[in-house]
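Heads up, the thing below is written out as structure tokens.
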Ligand code: H79
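In our numbering, the protein residues as written are 3 to 474.
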């Protein structure tokens, strides 16, 4: 008996020992399985149909509002009696302001006049279909309550309220696509520092350095922030910038692109996420890099590129971030001609405003945006959802087109009342003025190469009059 008992005890221990081993094995297996992140899908390999569906709203939109806003609006282009000649949001770099000194601007950032509803309504009134705001510019300052830093509007300023949350609500109300700019270069994050070997500190800021052993930590910081942005505000575009650093590689771009697309597959990402752009020209031909659209900055390409999506971002004066002494405003005429020129080449126009530290969009910007909106209310059909011109640029203006319709945007009205256009490859059924509510037919005469339209001798619109050709 005692022997048997002993054997039982022994076998009990042996069996339960095996059982525990088995349990441990199963547990660790399931733990490994569950804790392992899902492998990221490679979104750079999507089909043309998938891409067309994702880009559809953006291609229709044609006109968006860029907003550069941050603590650089406090110095507004001048610090300790020194004015910056160049762009205002670069003041930290241009005047080589130390981090701790620059941080003091946040204590004066109290935009009590900020009204998100008014900004979104202005974008709507201007005829803009989307809005891109600097969630974080090169200075690293964040316009939302980021959980991974205190260098944000909620934790570092007397204002203490989340800007991005307020704008999200307003954009949803007015049906404006809500989008974020996000800088890869970060002058505030401790992983990065000004290149001490650069010829001047400004250039050292422009091409900064990263401590190699802190890069992974910084990439994680960016990914955590981008996750916050996507989960909390559901942006439709992520507009990266500051990617030109030597430490930001082609592979880093692909990885970040896929990270963001995996969080929100329908999101649109500009080509500055990685190695996709070539300087201010805005795109490297070929599109073998990550990124969905090219980003010419402060310029309009001479011609469009078939099959390539692009967007020209431009300022209304000479700065992105507010500078109190920059009054070099472009005329409404120039801005509208830019919009039409860009549409005639198949691109989008992202037009900037730089609000003050009080939270106001400068009045000259408001006036111009409202005037553009007034023109678009009448002529929007010839801009939104159009395609690039089928013809070379005419001397008097630009063309845009849609299936079955050709639009002539006339900048220089013919004094003799005759507008001549190249002959379209389809039959002209009718010619009329887009601004004419009755769409009275205009007389026209055709030869083998050209069409002459007999127009009124005074231009219905001195900035741009649109003549519609119905084609069959
Ligand atoms: O966000 C806006 C700009 O701040 C950013 N992109 C747009 C959308 C931008 N990044 N770089 N640049 C613009 C051009 C930078 C030019 C520089 Fe300089 C030349 C950096 C240093 C020398 C201009 C002149 C800024 C400081 C001095």
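We put the beta carbon where it would ideally sit given N, CA and C, even for glycine. Please read these numbers as outputs of a predicted model, since none were measured by experiment.
Thinking C-beta only, is residue 410 closer than 9 Å to residue 468?
For residue 468 and residue 410, yes; Cβs fall inside 9 Å.
At what residues does the alpha helix (DSSP H) containing residue 57 begin and finish?
First-last of the alpha helix (DSSP H) with residue 57: 50-63.
Thinking C-alpha only, which one of 308, 310, 274 and 292 is nearest residue 299?
The option with the nearest alpha carbon to residue 299 is 274.
In the structure shown, what three-state DSSP assignment does residue 220 receive?
For residue 220, the three-state secondary structure derived from DSSP is helix.
Three or more C-beta pairs closer than 8 Å, one from the region 347-359 and one from the region 53-67: is that the case here?
Yes, the region 347-359 is in contact with the region 53-67.
Tell me whether the region 326-340 and the region 76-83 touch, counting them as touching only if at least three CB pairs, one residue from each stretch, are closer than 8 Å.
Touching, yes, given that three or more Cβ pairs across the two stretches are closer than 8 Å.
Within its chain, find whatever has a CB closer than 7 Å to the CB of residue 88; leave out the 5 residues flanking it on each side and keep chain order.
So the qualifying residues of the chain are 96.
Euclidean distance between Cα positions of residue 69 and residue 322:
The straight-line gap from Cα to Cα measures roughly 8 Å.
Distance CB(residue 1)-CB(residue 374) smaller than 9 Å:
No answer is possible for residue 1: the residues shown for the chain start at 3 and end at 474.
Which listed residue (110, 114 and 73) has its alpha carbon closest to that of residue 94
Closest option to residue 94, Cα to Cα, is 73.
Rounded to whole angstroms, what's the CA-CA distance from residue 180 to residue 318? Just pull it up for me.
One Cα belongs to residue 180, the other to residue 318, and the distance between them is close to 21 Å.
Skipping 5 residues on each side, what residues in its chain have a beta carbon closer than 8 Å to that of residue 465?
For residue 465, where only same-chain residues beyond five positions count, the Cβ hits under 8 Å are 334, 335, 338, 339, 377 and 413.
Taking all protein chains shown into account, do 16 or more other C-beta atoms lie within 10 angstroms of the C-beta of residue 138, making it buried, or fewer, making it exposed?
With 16 or more other Cβ atoms within 10 Å, it is buried.
Ordered along the chain, which non-local residues of its own chain (more than five positions away) have a Cβ less than 7 Å from that of residue 103?
Within the same chain, residue 103 has no close Cβ partners at all.
With residue 374 as the anchor, note down where its alpha helix (DSSP H) starts and where it stops.
Per DSSP, residue 374 is one residue of the alpha helix (DSSP H) stretching across 365-381.
Length of the line joining the Cα atoms of residue 419 and residue 306:
Distance between the alpha carbons of residue 419 and residue 306: 30 Å.
Is any non-hydrogen atom of ligand 3 found closer than 8 Å to the C-beta of residue 91, if you look at the structure I gave you?
For the structure depicted, ligand 3 is absent and the ligand set comprises only ligand 1.
Could you give the distance in angstroms between the alpha-carbon of residue 114 and the alpha-carbon of residue 266?
For the pair residue 114 and residue 266, the Cα-to-Cα distance works out to about 33 Å.
Considering just the uninterrupted stretch of the beta strand (DSSP E) at residue 94, what are its terminal residues?
Note, residue 94: premise wrong, no beta strand (DSSP E); alpha helix (DSSP H) at 93-96.
Is any non-hydrogen atom of ligand 1 found closer than 8 Å to the C-beta of residue 322, if you look at the structure I gave you?
Result yes, Cβ under 8 Å from ligand 1.
Proximity below 9 Å, CB of residue 231 to CB of residue 272:
For residue 231 and residue 272, no; Cβs fall outside 9 Å.
Check residue 465 in the structure and name its three-state DSSP category.
Of the three classes helix, strand and coil, the one that applies to residue 465 here is coil, per DSSP.
Bridge partners - residue 121, DSSP secondary structure assignment:
Note: residue 121 sits in no beta bridge, so no partner.
Taking the alpha carbon of residue 53 as the point to measure from, which residue in 449, 343, 309 and 474 has its own alpha carbon closest?
Looking at the Cα atoms, 309 is the closest of the given residues.
Just to confirm, does residue 205 get its C-beta within under 8 Å of one of the non-hydrogen atoms of ligand 1?
At a threshold of 8 Å, residue 205 counts as near ligand 1, since its beta carbon sits closer than that to one of the ligand's heavy atoms.
CB contact flag (residue 421, residue 434, <9 Å):
If you check the CB distance, residue 421 and residue 434 do not come in under 9 Å.
Please indicate yes or no: does the CB of residue 328 lie closer than 8 Å to some heavy atom of ligand 1?
No, the beta carbon of residue 328 sits no closer than 8 Å to any heavy atom of ligand 1.
Taking buried to mean at least 16 other C-beta atoms within 10 Å of its own C-beta, is residue 460 buried or exposed?
By the neighbour-count rule (16 or more Cβ atoms within 10 Å), residue 460 is not buried but exposed.
Suppose contacts are defined by Cβ-Cβ distances below 9 Å. Is residue 135 in contact with residue 176 by that definition?
Taking 9 Å as the Cβ cut-off, residue 135 and residue 176 do not qualify as a contacting pair.
Would residue 98 pass as a contact of residue 361 if the rule is Cβ separation under 9 Å?
No, these two residues do not count as a Cβ contact at 9 Å.
Residue 155: first and last residue of the uninterrupted alpha helix (DSSP H) it sits in:
Taken as a continuous stretch (DSSP letters only), the alpha helix (DSSP H) holding residue 155 covers 155-158.
Note down, in chain order, each residue of its chain lying with its Cβ closer than 7 Å to the Cβ of residue 456, except the 5 sequence neighbours on either side.
Excluding positions up to five away in sequence, the list reads 419, 420, 444, 445 and 446.
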